[in-house]
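Each residue of the sequence shown is one higher than the last, beginning at 1 in this note's numbering.
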Amino acid sequence: MPSHRRMLIAVVAGAVLGALANALGGGAPWLDVAVRDVAQPIGQLFIRLLFMLVVPLLFSALVLGVADLELRHLGRLGARMLGYTAAVSSIAVLIGVTLVNVLGPGRGLPDAVREAARGAATIKPAPLPGGDSVAGFVLALVPDNPVKAAATGDLMGLIVFALLFGVALAVTDTPGARTLKAALQGLYDVSMKLIEGVLRLAPLGVGALLFVMAARLGAAVVRPIAAYVGVVVLGLALHQFVVYSLSVKLFGGMSPRAFFSGVRLAMVTAFSTASSSATLPTALRVAEENLRLPRHVARFVLTAGSAMNQNGSALFEGVTVLFLAQVYGVELSLGQQAIAVGIAVLAGIGTAGVPAASMPFIAMILGVLGIPVEGIGLVLGVDRFLDMCRTTVNVTGDLAAAVFVARGEPAEATEPAAGVPPAP
Numbered sequence: 001m002p003s004h005r006r007m008l009i010a011v012v013a014g015a016v017l018g019a020l021a022n023a024l025g026g027g028a029p030w031l032d033v034a035v036r037d038v039a040q041p042i043g044q045l046f047i048r049l050l051f052m053l054v055v056p057l058l059f060s061a062l063v064l065g066v067a068d069l070e071l072r073h074l075g076r077l078g079a080r081m082l083g084y085t086a087a088v089s090s091i092a093v094l095i096g097v098t099l100v101n102v103l104g105p106g107r108g109l110p111d112a113v114r115e116a117a118r119g120a121a122t123i124k125p126a127p128l129p130g131g132d133s134v135a136g137f138v139l140a141l142v143p144d145n146p147v148k149a150a151a152t153g154d155l156m157g158l159i160v161f162a163l164l165f166g167v168a169l170a171v172t173d174t175p176g177a178r179t180l181k182a183a184l185q186g187l188y189d190v191s192m193k194l195i196e197g198v199l200r201l202a203p204l205g206v207g208a209l210l211f212v213m214a215a216r217l218g219a220a221v222v223r224p225i226a227a228y229v230g231v232v233v234l235g236l237a238l239h240q241f242v243v244y245s246l247s248v249k250l251f252g253g254m255s256p257r258a259f260f261s262g263v264r265l266a267m268v269t270a271f272s273t274a275s276s277s278a279t280l281p282t283a284l285r286v287a288e289e290n291l292r293l294p295r296h297v298a299r300f301v302l303t304a305g306s307a308m309n310q311n312g313s314a315l316f317e318g319v320t321v322l323f324l325a326q327v328y329g330v331e332l333s334l335g336q337q338a339i340a341v342g343i344a345v346l347a348g349i350g351t352a353g354v355p356a357a358s359m360p361f362i363a364m365i366l367g368v369l370g371i372p373v374e375g376i377g378l379v380l381g382v383d384r385f386l387d388m389c390r391t392t393v394n395v396t397g398d399l400a401a402a403v404f405v406a407r408g409e410p411a412e413a414t415e416p417a418a419g420v421p422p423a424p
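Set out below in structure tokens:
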């Protein structure tokens, strides 16, 4: 059975059984035992498995994402790509954060329901780096011991160290550095294999988490989930058709109509596979044949972008974090929301281009901001559909970035290979 069908069955079963248990046995001793001693430990185990893989996956993905840019040899293209990625990803997250604050999909829960949701938290969140002061936070970005930072949950410091390490690795061309890069690639591959194994347990873990939430909250949990899905889809649509249209028109000199007509095959492939990496061959084809982009630009930008330019994932992560903060009644100041935006942008760089790869990073952001990580069970149930939507935005963003970077490159490189028909 396909994984998304197993996930759907688990979501329905967990929610329905939890709601029935809440309606028939609310406050009964047997329900407390079922939640506390059976379902909750299973859900906690799934969350802990995700947390276990955050550090190796985050470090290897960020280092390789920066090192693969080969900054010493491709300085101009790399600088334009990095600048575009940071700017557009920030816009994506700001769109999502604004929609969550204005529409409030997680607001409106009764106080009793919210208290029950808060009572589900059993994993201790990581402390906010540097306390509440701006100076302390800035200093905490540079860890005095990166191993200690990883061990104590200071993942902000680990992110900064990984980015600096990746830049240094990109400009170091020695046999030892190449061996180290190969070793980090091996660490990344192994981490992704472990993630794949953990996600095989996702139906059981998600079903257990939803059972716990529904058994404690009852049917009141349905409305905020539906509102959350609507906010994510609205944010992704605005970014896809407004931001990218303005980007290719103003910075790429291309008609938005021609752009979206040329990339429609890549968009369909991305939506069906929910994987930027799996869509890469199709994206390269439409970039060279339909958009007439220089081959070296298309290969560089799309290859790097499939791992780094994850605008849709960054928007999704920002919306998810603020939505769960509203569900659990955690008031985030503007400074904390700015921190969430910054982490989501950086996490978008480190998010792998495979299905459900955002989840470990969302769990990390929740822990940093003190939001109960068990709430991730609410969004995992609808993640498959949202993953397909955000992957489409990610791939379209890679192609829009290629249009921007290609502007000003030699015109003769834009011609497609002779005898190759354009992609449909």
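Quick reminder that beta carbons are idealized off the backbone N, C-alpha and C, glycines included. Since we're looking at a predicted model, the values are computed, not measured.
Delimiting residues of the alpha helix (DSSP H) encompassing residue i
i       : result
Ile-225 : 222-238
Tyr-244 : 244-250
Gly-262 : 256-262
Thr-392 : 383-406
Gln-310 : Counting along the chain, Gln-310 falls outside any alpha helix (DSSP H), and DSSP gives it neither H nor E.
Phe-241 : Run containing Phe-241: none; DSSP gives neither H nor E here.
Thr-179 : 175-200
Asp-32  : 29-33
Ala-151 : 146-151
Ile-47  : 40-52
Counted within 10 angstroms of its Cβ, other Cβ atoms place residue i as buried (16 or more) or exposed
i       : result
Thr-392 : buried
Ser-275 : buried
Glu-196 : exposed
Asn-145 : exposed
Ala-191 : The question names Ala, but residue 191 in the sequence shown is Ser. It counts as buried.
Pro-281 : exposed
Gly-353 : Unreliable positioning characterises Gly-353 in this predicted model, as indicated by a pLDDT of 46, which lies under 50. A coordinate reading is not provided.
Asp-173 : exposed
Asn-22  : buried
Thr-85  : buried
Ala-314 : buried
Asn-101 : exposed
Ile-9   : exposed
Ala-430 : The displayed coordinates of the chain run from 1 to 424. Any statement about residue 430 would go beyond what the structure contains.
Tyr-244 : buried
Gln-310 : buried
Ser-255 : exposed
His-73  : Legend: pLDDT at His-73 = 47, less than 50; position of this residue unreliable, no value from coordinates given.
Asp-38  : Reading the sequence as shown, one finds Val at residue 38 and not Asp. Result: exposed.
Val-232 : buried
Ser-247 : buried
Ser-261 : exposed
Arg-257 : exposed
Leu-250 : exposed
Integer-rounded CB distance, given that residue j should sit under 8 Å from residue i
i       : j       : result
Gly-312 : Gly-397 : 7 Å
Ile-47  : Ala-363 : 7 Å
Leu-332 : Ala-406 : In fact, because the Cβ distance is near 39 Å, the residues do not count as touching under 8 Å.
Leu-141 : Gly-157 : 6 Å
Tyr-228 : Pro-56  : Between Pro-56 and Tyr-228 the Cβ distance is about 30 Å, and since that is not below 8 Å, they are no contact.
Val-403 : Phe-259 : 7 Å
Leu-238 : Cys-389 : Between Cys-389 and Leu-238 the Cβ distance is about 12 Å, and since that is not below 8 Å, they are no contact.
Val-327 : Pro-224 : 6 Å
Ala-270 : Val-395 : 4 Å
From the options, residue whose alpha carbon lies closest to that of residue i
i       : options                               : result
Asp-189 : Cys-389, Leu-24 and Leu-53            : Leu-53
Arg-264 : Ser-247, Gly-252 and Asn-290          : Asn-290
Leu-369 : Val-395, Phe-404, Leu-324 and Ala-402 : Leu-324
Leu-202 : Leu-380, Met-388 and Gln-337          : The sequence shown places Ala at residue 202, rather than the Leu named in the question. Considering only alpha carbons, the answer is Leu-380.
Leu-20  : Arg-299, Val-248 and Ala-214          : Ala-214
Ile-343 : Leu-77, Gly-329, Pro-224 and Phe-316  : Phe-316
Val-63  : Ala-298, Leu-180, Leu-94 and Pro-175  : Leu-180
Gln-240 : Arg-5, Val-88, Val-12 and Phe-51      : Val-88
Ile-365 : Val-33, Leu-322, Leu-334 and Leu-234  : Leu-322
Gln-40  : Phe-361, Leu-204 and Gly-252          : Leu-204
Gly-329 : Val-11, Gly-78, Leu-31 and Gly-108    : Gly-108
Next on the checklist: Assess contact between the segment 369-377 and the segment 197-210, defined as three or more Cβ pairs (one per stretch) separated by less than 8 Å. Is contact present?
Outcome noted: Verdict: yes, contact present.
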